[in-house]
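Q: Below is the structure I would like to discuss, written out as structure tokens.
4 protein chains.
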Amino acid sequence: MSDIAVSTGLLDRALRRITTAWREMAAGVGGDDGESVGAQMLACLNARGGEVSARNRAAKLAQTYLGLDEAGRREFLRTMAGFECDAAAVAAAFETLQSAPDAAARAQAQARLRRTLEPPRARLLTQFTTIPDGMKFLVDLRTTLLALGKADPLLAGLEADLRHLLANWFDVGFLELQRIDWSSPATLLERLAGYEAVHEIRSWRDLKNRLDSDRRCYAFFHPRMPHEPLIFVEVALVKGLAGGVQSLLDQKAPAFDTRQSDTAIFYSISNCQKGLAGISFGNFLIKRVVSLLADEFRNLKTFATLSPMPGFRRWLDAKLAEEDANLLSEEESESLRAVAKTDGEATSGAEALAALLRRRGWLRDAATLRAVEPVLLRLGARYLLAESNGRRALDPVAHFHLSNGARVERLNMLGDISDKGFKASATLMVNYLYDPAKIEEYHESYAGEGKRHASTAVRRLARGWA
Amino acid sequence: MSDIAVSTGLLDRALRRITTAWREMAAGVGGDDGESVGAQMLACLNARGGEVSARNRAAKLAQTYLGLDEAGRREFLRTMAGFECDAAAVAAAFETLQSAPDAAARAQAQARLRRTLEPPRARLLTQFTTIPDGMKFLVDLRTTLLALGKADPLLAGLEADLRHLLANWFDVGFLELQRIDWSSPATLLERLAGYEAVHEIRSWRDLKNRLDSDRRCYAFFHPRMPHEPLIFVEVALVKGLAGGVQSLLDQKAPAFDTRQSDTAIFYSISNCQKGLAGISFGNFLIKRVVSLLADEFRNLKTFATLSPMPGFRRWLDAKLAEEDANLLSEEESESLRAVAKTDGEATSGAEALAALLRRRGWLRDAATLRAVEPVLLRLGARYLLAESNGRRALDPVAHFHLSNGARVERLNMLGDISDKGFKASATLMVNYLYDPAKIEEYHESYAGEGKRHASTAVRRLARGWA
Amino acid sequence: MSDIAVSTGLLDRALRRITTAWREMAAGVGGDDGESVGAQMLACLNARGGEVSARNRAAKLAQTYLGLDEAGRREFLRTMAGFECDAAAVAAAFETLQSAPDAAARAQAQARLRRTLEPPRARLLTQFTTIPDGMKFLVDLRTTLLALGKADPLLAGLEADLRHLLANWFDVGFLELQRIDWSSPATLLERLAGYEAVHEIRSWRDLKNRLDSDRRCYAFFHPRMPHEPLIFVEVALVKGLAGGVQSLLDQKAPAFDTRQSDTAIFYSISNCQKGLAGISFGNFLIKRVVSLLADEFRNLKTFATLSPMPGFRRWLDAKLAEEDANLLSEEESESLRAVAKTDGEATSGAEALAALLRRRGWLRDAATLRAVEPVLLRLGARYLLAESNGRRALDPVAHFHLSNGARVERLNMLGDISDKGFKASATLMVNYLYDPAKIEEYHESYAGEGKRHASTAVRRLARGWA
Amino acid sequence: MSDIAVSTGLLDRALRRITTAWREMAAGVGGDDGESVGAQMLACLNARGGEVSARNRAAKLAQTYLGLDEAGRREFLRTMAGFECDAAAVAAAFETLQSAPDAAARAQAQARLRRTLEPPRARLLTQFTTIPDGMKFLVDLRTTLLALGKADPLLAGLEADLRHLLANWFDVGFLELQRIDWSSPATLLERLAGYEAVHEIRSWRDLKNRLDSDRRCYAFFHPRMPHEPLIFVEVALVKGLAGGVQSLLDQKAPAFDTRQSDTAIFYSISNCQKGLAGISFGNFLIKRVVSLLADEFRNLKTFATLSPMPGFRRWLDAKLAEEDANLLSEEESESLRAVAKTDGEATSGAEALAALLRRRGWLRDAATLRAVEPVLLRLGARYLLAESNGRRALDPVAHFHLSNGARVERLNMLGDISDKGFKASATLMVNYLYDPAKIEEYHESYAGEGKRHASTAVRRLARGWA
């Protein structure tokens with residue numbers, strides 16, 4: 014118990030200094046509200062043990078925050094962010110650590126230094142966990158901080174503290190995997206539909222189709238946010254690799270007889286809580302679901318995604334604009350020019366392709382498609398396997414799946430013919446294959462050496478025409 | 014994401030240094046087992062992202078530990094404790110912090126310093142949370158570390174890290190209050206009986222009596238240890254303050270008609286997990302239960318404990334031994350000598366009292382009781398209100414309840430006439446009163462100024478004969 | 014056990030006779046299928062104890078039925094209906110009863126007669142209860158039998174047996190009341206929307222509005238049909254009697270603050286299972302819900318319905334057609350002719366009213382409404398309180414609520430301005446008031462003497478102009 | 014609805030007659046209480062629709078009953094039993110049936126006759142189902158009626174009606190199978206221990222042993238009596254047929270590794286509700302549990318019981334007393350006389366055996382055991398396979414299992430060496446084997462031709478020495 018006393022003593026002194034600092038700061042921003050918010054926070058921190066009333070104080074503070082407008086919230090958060098570490102105490106603790114005579118003293122000094130580095134604002138944040146829906150409150154608070162922190166270093170510090178706490182609380186060991194189906198509560202399904210970020214859920218009928226007998230949907234939940242999914246995945250049980258998302262989303266298609274299924278297609282993974290950005294569980298979700306499905310359906314042999322290539326057009330458009338001579342082979346250029354029919358306007362294959370990508374009609378023209386498809390598939394493979402952002406794959410979805418230990422299995426022209434699909438990736442979609450026997454190895458070599466695994470066909474495509 | 018990369022880089026370097034250090038250490042302790050355990054731990058730390066196999070590695074490590082004998086476990090834990098912070102990295106990070114040019118840099122440097130202070134062994138510990146029953150494994154690990162750490166500074170450091178983690182995970186905001194009754198699972202009830210630390214549960218019949226219609230029992234649970242109570246309280250609904258525990262534990266007594274009850278007596282509070290020592294929830298438990306009972310039974314007016322005085326006899330025996338002249342009044346001494354009938358042996362009242370306390374028979378002798386009772390009550394009150402351990406009440410139970418905001422309400426002679434009660438407190442028991450309207454105030458003044466609140470009667474008793 | 018033996022003996026003989034009869038019958042209808050179905054049924058009945066295989070046989074029989082087309086099902090049911098009582102055995106048992114020498118013999122003979130009156134087809138039906146979803150199968154079977162039995166006395170007998178069994182199994186003592194809200198499973202909500210028979214549920218949004226915080230929805234379920242509601246009621250918590258259903262169904266209206274509510278309006282009660290026709294639980298449902306609501310919302314003072322008058326226009330149109338001279342007062346006729354503006358076409362008030370009821374526009378014309386409203390309210394009151402079908406109220410909804418002990422409280426012009434409301438009741442709706450203190454008395458006097466209770470205002474209206 | 018009216022009319026008339034009859038009867042028994050009970054019942058029956066107050070009346074009636082002493086209850090039940098069928102109405106309905114002109118009229122007349130045969134007292138009984146715990150009330154009521162009915166034909170009739178109702182409500186289709194283990198509520202486990210009728214459960218430790226990891230316990234429950242088991246079975250998972258119950262009940266024996274188990278031994282089946290006597294579910298329970306275990310443990314090859322032979326000694330003692338010359342072979346007689354050492358007292362083998370069976374000591378004497386064992390095994394086999402009660406096996410447990418389709422597999426000397434086992438069956442126990450592939454065939458041939466199946470060894474034993 015004696016180190017608690019020490020810690021309380023330290024804290025008292027720290028608070029005394031901070032209080033002075035904060036008073037000046039509060040005087041700076043002036044205003045009654047500012048003062049009362051700061052005073053509330055100080056009361057939260059000063060209270061030395063009345064935990065029940067601490068909870069009431071935290072609840073009141075949360076209500077104060079929720080009652081504020083945008084500017085008020087910003088000021089509130091800045092006030093909270095002002096409860097930083099006591100630099101002098103940190104320095105003193107470091108001094109003690111440096112002069113520690115033996116292991117025991119060193120351990121104690123390290124613990125003390127660690128405590129001085131826990132800013133009072135982190136303790137303030139922690140107190141919100143005790144109020145009902147407090148965890149959701151903190152997650153949403155981080156959403157706000159992420160937006161505000163870009164321009165405000167003080168708030169960025171508070172955001173970092175909150176992230177540290179959330180990463181601890183949302184450790185995957187605490188999460189619960191739940192299956193979601195058409196028997197789930199309507200409240201949950203409604204929320205899910207709102208969170209779907211990959212392929213918009215347009216109606217209850219659309220949703221019902223995604224929860225049919227040939228589908229599976231799983232989500233992670235946290236015990237302190239029991240009605241809020243954190244991330245969810247939608248899976249279709251099919252025969253053979255599915256290449257196009259429209260047929261999966263077709264509400265009129267009958268449910269597939271799952272006894273015939275040999276392949277599980279993960280066609281949508283959505284994070285639900287912006288406030289948990291950077292705290293990753295998608296990786297776990299896929300692997301846990303692969304293992305559940307393998308148990309339930311003994312016939313499943315292939316586990317793969319059907320994924321978008323969100324950055325493909327952005328990259329391609331830039332390449333086309335800079336007229337990179339190595340982008341297209343002569344043969345390709347010629348056939349593109351032939352189908353683009355831009356009457357002399359397009360003097361290069363790149364210009365012809367750019368022109369085609371500005372209009373959608375050619376998708377329905379077999380001859381054009383014949384010319385465009387091989388070019389786009391080749392460039393798509395190159396984009397996925399060769400283009401980089403530092404050591405990572407340029408495409409963020411590719412980076413996610415490669416990090417998880419998947420490999421690029423197949424590219425699909427006309428994989429997503431919606432407006433969104435056309436604009437983002439010229440209808441290309443990609444299957445990433447999760448081979449349970451290889452996941453670890455692939456993960457390690459991508460994380461270590463940046464090696465991107467792919468099927469022979471895709472590797473050949475990426476090598477291209479040269 | 015870039016700070017993760019930084020952190021990974023730091024970690025890599027730290028691990029390289031530590032690996033070398035550990036190899037030497039392992040060479041020191043020699044032995045194949047030692048090496049393989051260290052190698053397993055290193056593998057757990059090195060793995061840069063294969064979380065699923067990380068879980069498998071953690072599970073294997075836990076099994077290795079559980080398969081060891083006492084000496085093996087000690088060595089295992091010392092090996093783990095060896096994964097300390099990298100002192101050089103800490104120093105470098107502090108340097109960076111000192112020279113940080115602005116708030117943003119300072120925040121980042123603080124975060125980095127904090128990370129360097131998180132020893133790899135803490136990350137090792139965290140990985141056990143992902144395995145089934147991992148949380149219970151960690152709690153039990155701390156039980157072992159608490160025992161071993163007293164003599165071993167290295168293990169004391171590991172214990173401190175584990176405590177820090179557990180305090181975070183077992184924050185009261187994460188706990189679930191459950192009522193326990195005779196409909197609860199037998200597994201749980203059996204466990205409860207084993208954990209009862211105040212008044213031993215002797216049989217299923219004894220247990221059933223404590224869960225009768227005039228009783229309530231509540232426990233805190235953690236979502237990651239769903240079948241393990243953390244702490245529980247037993248309450249009797251009675252009329253008027255209960256002064257003796259034997260009547261509460263009488264299995265043959267009929268259940269009291271709770272519509273007549275005006276008082277809730279908390280007659281037993283037991284912590285169940287030694288590994289959570291120092292992480293306190295008793296305070297919350299009492300207050301939450303007071304609030305639940307007040308809701309359920311509108312007639313309840315008094316919330317009080319019936320508590321032991323575990324240190325009374327130890328203190329009194331010492332006082333008697335040192336022949337403190339101020340301990341007893343002359344009158345008291347005389348009457349004690351009269352009933353002790355030690356035939357001139359006892360030349361002082363203290364000796365007479367000491368002689369009586371060595372034998373139990375006088376409890377059943379009305380005349381002796383008449384002489385002894387006022388003396389013991391007075392000394393008991395003095396012991397509770399005036400004797401100190403630093404700024405705290407000397408009696409640990411008194412300290413606990415005074416810290417929670419209770420006051421000393423009444424002392425009860427013959428409150429516990431069991432062997433245990435006779436030996437620990439000469440049968441004295443005490444009621445602490447929880448007055449919802451005063452809890453905060455009493456808590457604050459005890460925590461702040463060390464003020465111990467008590468009823469007028471007890472205060473008068475404590476003032477004594479002088 | 015000996016009477017089982019007797020009964021088995023009887024049954025054997027009965028089956029022997031029936032088998033012969035059935036063979037002839039089956040020969041009559043010919044066909045392989047007919048024979049195999051009959052043989053299956055016989056096997057179900059003959060099996061003297063292999064209950065597990067009995068279950069399998071019943072499951073197979075159910076599957077056979079479900080695989081048949083309409084004509085096949087009819088034949089199946091006729092075959093089953095052929096397993097009637099053994100008339101000779103009935104006669105013999107009656108003989109024995111008549112000559113029973115004493116009470117004991119009489120009791121035994123009665124029991125035996127009762128058993129001979131249990132037709133084998135009833136035992137066949139009972140066997141379906143053992144298969145999964147067997148209860149729903151039987152309920153749906155009765156739906157079919159109700160349709161077919163009108164024209165086929167043999168099937169009518171089978172239907173009566175099934176009704177008898179269902180009435181027994183669906184005794185209100187076995188039903189479970191459940192609240193349904195927006196957290197209920199989507200499967201259940203979807204089913205509910207399909208079963209709503211009073212005010213169609215048009216969309217999920219419409220449904221959500223009916224499950225908002227100012228609404229309550231309760232349904233009865235049977236433990237053997239856990240996912241199928243039997244009957245449900247929708248309630249709105251409002252201030253004052255609600256007179257119009259459109260405002261209750263307005264999806265854009267904000268939820269009412271239920272702390273202000275003094276009235277619970279039951280605005281929709283729907284039976285879900287046609288196969289349970291004539292087995293009534295609506296009565297219980299309303300009373301149980303009244304009691305639940307009274308517990309939950311202490312401010313509620315009034316419990317009333319907002320109900321349709323489904324037979325009003327049918328009755329009124331007939332009256333108008335027969336030019337009943339006593340239908341309208343002279344004054345009423347005059348004002349109706351004035352607003353009908355049919356230019357001499359309508360020579361009577363009745364003709365004018367009939368003309369108005371053929372077009373909807375006048376609802377939006379204040380002057381017309383002023384003329385029509387008092388007439389329709391008066392006639393509506395007369396229709397509810399004076400028109401009869403035997404001893405019952407002519408209007409079936411009125412009969413239902415009056416039977417339950419409600420009284421007619423208020424009529425509302427423009428209560429339902431939907432097409433359906435205009436066509437069925439010229440927009441009239443009615444509030445039936447459930448006064449817990451009067452329910453029993455009102456119920457008794459309606460059930461006994463046919464007395465219809467109503468508020469003073471409605472009674473005055475019904476007395477009319479004479 | 015019209016036939017309800019008819020039925021109500023009939024009922025009214027019936028009640029009028031009965032009322033008169035009952036008044037006379039009540040006058041006979043006199044007493045205020047008698048009158049008021051009868052009046053209460055009449056009120057229950059007369060109430061024409063106020064179902065909610067009907068429930069209240071039923072609850073009051075039940076309370077009245079529970080408040081009575083034994084004599085009062087008997088009078089209460091006689092009063093209730095007095096609400097018999099109306100003989101004149103029965104006769105009239107039969108008349109109508111006889112003269113029914115066609116199928117439709119016949120069906121209607123049959124239904125009517127059936128209704129007249131439903132005595133008002135059955136409707137009274139049914140009303141108790143609506144009150145909380147009403148089903149348990151009725152089950153317990155039948156326990157009482159079974160005891161009283163033996164001497165009182167009027168009560169026997171009421172008992173028969175109640176049995177008929179209960180048989181309907183407790184149809185196996187409505188029952189729920191639940192596994193019971195050490196995690197089950199203590200309330201349930203305590204009840205279970207009280208209901209165990211085969212091998213007494215002596216303590217919580219004994220109970221825990223029976224719920225260990227190598228055991229299974231399953232019970233049937235009814236949705237209207239959710240906390241009351243109806244029947245339960247205890248199973249041990251072992252290797253090879255278990256022959257002795259003491260080793261199964263040994264609390265100190267470690268749990269068997271179920272991966273090694275090839276045999277499931279059903280060692281105890283207990284009916285819990287005396288009031289459900291004659292309504293059998295044991296049969297279903299065994300078969301459902303066999304199927305569950307076969308699913309859970311793929312290694313199980315044998316499903317058998319370890320059962321007592323409760324009537325063996327009774328039969329054997331009678332045989333020995335009557336000095337049946339064919340009971341023992343000369344050789345057997347000689348060896349029995351040799352070990353009985355009764356010094357000439359026992360002049361026959363039967364006398365020697367009788368003398369041995371009067372003392373227990375010989376169980377521990379190897380030589381005696383050697384002489385006695387073959388004789389007892391042979392006689393045991395004969396008792397099971399050849400001795401009859403009508404067409405049934407004389408032993409009631411044998412009859413139960415043979416009816417269910419089991420065969421006699423093995424007899425075990427020293428199978429139950431408790432006092433109870435020694436007295437009932439001279440320590441013999443028997444394994445009945447349930448071979449899923451044969452159950453139906455064996456069941457049919459026992460039920461049909463009385464054929465008792467047994468293993469070759471047991472059949473050979475039973476054939477004996479002749």
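Residue numbers (my numbering), protein chains in the order written: chain H, 14 to 479; chain A, 14 to 479; chain X, 14 to 479; chain V, 14 to 479.
Here a beta-carbon is modelled for each residue, glycine too, at the ideal position from N, C-alpha and C.
In this text, all values refer to a predicted model and were calculated from it rather than measured experimentally.
Does any C-beta atom of chain A lie closer than 8 angstroms to the C-beta of Trp-195 of chain V?
A: yes
Q: Please classify Gly-461 of chain A as buried or exposed, where buried requires at least 16 other C-beta atoms within 10 Å of its C-beta.
A: exposed
Q: Compare the C-beta of Phe-187 of chain H with all C-beta atoms of chain A and state if any pair is closer than 8 angstroms.
A: yes
Q: For Lys-4 of chain V and Tyr-455 of chain V, what's the separation of their Cα atoms in angstroms?
A: Residue 4 of chain V lies beyond the stretch modelled for chain V, which goes from 14 to 479, so this question has no answer here.
Q: Evaluate Gln-140 of chain A with the Cβ neighbour count: other Cβ atoms within 10 Å of its Cβ, from every protein chain shown; 16 or more gives buried, anything less gives exposed.
A: buried
Q: Have a look at H:Asn-402, H:Leu-306, H:Leu-313, H:Thr-143 and flag the residue whose alpha-carbon is nearest the alpha-carbon of Asp-275 of chain H.
A: H:Leu-313
Q: Does the Cβ of Glu-37 of chain X have 16 or more other Cβ atoms within 10 Å, making it buried, or fewer, making it exposed?
A: Low confidence applies here, because Glu-37 of chain X scores a pLDDT of 46, under 50, leaving its location unreliable and the question unanswered by this model.
Q: Could you say if the segment 194-201 of chain X and the segment 114-129 of chain X meet the contact criterion of at least three C-beta pairs nearer than 8 angstroms?
A: no
Q: Going by DSSP, what residue range makes up the alpha helix (DSSP H) through Tyr-455 of chain A?
A: 452-462
Q: Just mark His-466 of chain V as buried or exposed, buried being the case when its beta carbon has 16 or more other beta carbons within 10 Å.
A: buried
Q: Tell me the residue span of the beta strand (DSSP E) that contains Arg-311 of chain A.
A: Here Arg-311 of chain A belongs to no beta strand (DSSP E), and DSSP marks it neither H nor E.
Q: Within 10 angstroms of its Cβ, does Thr-469 of chain H collect 16 or more other Cβ (buried), or is it exposed?
A: exposed
Q: Based on the DSSP output, what are the partners of Ala-467 of chain V in its beta bridges?
A: For Ala-467 of chain V, which the question treats as bridged, DSSP gives the partners V:Val-421.
Q: In chain order, what residues of the segment 198-221 of chain X put their CB closer than 9 angstroms to some CB of chain H?
A: Pro-198, Ala-199, Thr-200, Leu-201, Leu-202, Glu-203, Ser-216, Trp-217, Leu-220, Lys-221
Q: Below 8 angstroms, how does it come out for the segment 227-241 of chain X and the segment 298-307 of chain X: are there three or more Cβ pairs, yes or no?
A: yes
Q: Could you check whether the Cβ of Ala-102 of chain H sits closer than 8 angstroms to any Cβ belonging to chain A?
A: no
Q: For Ala-277 of chain A, does the three-state DSSP call read helix, strand or coil?
A: strand
Q: Whose Cβ in chain X lies nearer than 8 angstroms to the Cβ of Gln-76 of chain V?
A: Within 8 angstroms Cβ-Cβ: nothing; Gln-76 of chain V doesn't reach chain X, min ~17 angstroms.
Q: Are any of the Cβ atoms in chain X nearer than 8 angstroms to that of Thr-143 of chain V?
A: yes
Q: Beta-carbon within less than 7 angstroms of Leu-202 of chain H's beta-carbon, same chain only, minus the 5 sequence neighbours each way: which residues are those?
A: Leu-220
Q: Report the option in X:Lys-149, X:Ala-331, X:Phe-183 whose CA atom is closest to the CA atom of Glu-400 of chain X.
A: X:Ala-331
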